[in-house]
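Just so we're aligned, residue 1 is where the sequence shown starts under the UniProt record's numbering, counting upward by one. Below is one structure; the comments refer to it alone.
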Amino acid sequence: MKRKIIFLANPISGGTKKDSAFKHIDATFKKQQIPFEILPTVASGDYDFLKAKIREENITDIVIIGGDASVNQVVQSLRTEKVRFGIIPFGSGNGFAFAAGIPKNVSKATKIILEGKSSVVDAFKVNEEFSCMLSGIGFDAKVAHDFAAKSSRGLITYTQQSIINFFKAHPYQFEVSVDGFSLFTEAFFISVANANQFGNNFTIAPKASLNDGMLDVVIVQKMNKAKLPFAILKQLRGNNKMQQLVEAMSKKNVLYFQTDTITINNIKQAPLHIDGEPKETAAQIKFEIIKDCFDLLQPSKN
């Protein structure tokens, strides 16, 4: 297959300059005689203007140079086109790329693009909005909202906001409905994931897979705040084995289960984020898997 690639680069993601990455891409793909061009991402996330170009110029691959939010916007806008998507991670967390086994090292990530091996992955809807990786309600969404308001981006800023919000965190009230069963809980946050990452290689949903047709739900329930970091660490290490949800309610600080659809009544209007970007919250939020949503360039599983 003759390839033609468009690289879409987010100029501000991750707080890192990308000049060296552009030079590496330029040298690599010119040497391989693969036609390409590098374009900036657009703040609106609307890439309809590229659809005619993709069809008329027979573009085969769209590669995002950025973080989870950039991946979300580009894939959402262009997933109906007959292209494969690639990622060169340059975000603050890069959870989706890391879940797919794509390293942050530019030369290694570029090699995956060059090899051209892809497989289909899932995504999901949050009400009518699109999510590639992980969305949440509560504490982590509050961090996302505060992080977005900062002039500087990057891991240090994100960590600072996480610490500040930890000391101010309070539980929210939710009604969670799965398969006709409803439960009420007071929780610091609820995360719904298609990938096993919070970002920066922190695993929040150990059973999560990008193509298993399931959403992974993590509910961090109300507890003494001194216990909160230890309960989350326990979940990050994958030590919470799945039990019957009703039994787990009274016995566990962190609930973890899988489903293809979940509806959450957001009783106290807890904040919402989608793939790390703050979004306007809602009184009721439905999460629903989109099976086999798009084709992703990723390392061979052999």
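We put the CB at the ideal spot given by N, CA and C, even for glycine. Bear in mind that the values here come from a model prediction, so they are computed numbers and not experimental data.
Check: Option nearest Asn266 by Cα separation, candidates Leu255, Tyr172 and Ala193; Outcome: Tyr172
Check: Exposure of Leu50, with buried meaning 16 or more beta-carbon neighbours within 10 Å; Outcome: buried
Check: Which of helix, strand or coil DSSP assigns to residue 305; Outcome: No information on residue 305 is available, as it lies outside the stretch 1 to 302 that the chain covers here.
Check: His24 to Gly86 span [Cα, whole Å]; Outcome: 16 angstroms
Check: Nearest-angstrom Cα separation, counted from Lys31 out to Ile290; Outcome: 38 angstroms
Check: For Ala231, three-class secondary structure by DSSP; Outcome: Caution applies to Ala231, whose pLDDT of 47 falls short of 50 and renders its modelled position unreliable; the value that the coordinates give is listed next. Residue state, collapsed to three classes: helix.
Check: Opposing strand residues paired with Ser191 [DSSP bridges]; Outcome: Gly136 and Val218
Check: 8 angstroms Cβ cutoff met for Val217 and Phe257; Outcome: yes
Check: Helix, strand or coil at Leu210 according to DSSP, with G and I counted as helix; Outcome: coil
Check: Endpoints, beta strand (DSSP E) assigned at His273; Outcome: Leu272 to Ile274
Check: Ile264 vs Val176 beta-carbon contact at 8 angstroms; Outcome: yes
Check: Selected residue, minimal CA-CA separation from Asn10, among Thr259, Gln33, Asp26 and Ser92; Outcome: Ser92
Check: Supposed contact pair Ser131 and Asn72 - C-beta distance, whole angstroms, cut 8 angstroms; Outcome: 7 angstroms
Check: Residue(s) in a DSSP beta bridge with Asp295; Outcome: Val120
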